[in-house]
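Each residue of the sequence shown is one higher than the last, beginning at 66 in the numbering used here. Here the structure is laid out as structure tokens; the discussion comes afterwards.
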Amino acid sequence: MEKEENGKKNVMIQQLIYQGVYKVKDRQLYQLSTHELETVYNSVFHEKQEIKA
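As structure tokens, then:
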């Protein structure tokens, strides 16, 4: 289960970095919890969806 969680975090971190997000409130992405990463990820990709619409 922990391996799956780490894999999920790694994918989100890679995709956020690709979008130009490197830090959140002076914290590196790898320092964030899975929940915090999901929140940032969803907000970034939600904004991208709105821009395309």
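Think of the CB as a built atom: it goes at the ideal place given N, C-alpha and C, for glycine as much as any other residue.
| Query | Result |
| --- | --- |
| Contact check, residue 84 vs residue 109, beta carbons under 8 Å | yes |
| Pick from 89, 96 and 91 that is closest to residue 74, judged by C-alpha positions | 96 |
| N- and C-terminal bounds of the alpha helix (DSSP H) containing residue 79 | 67-83 |
| Helix, strand or coil at residue 109 according to DSSP, with G and I counted as helix | helix |
| Same chain only: Cβ atoms within 7 Å of residue 70, ignoring 5 sequence neighbours per side | 99 |
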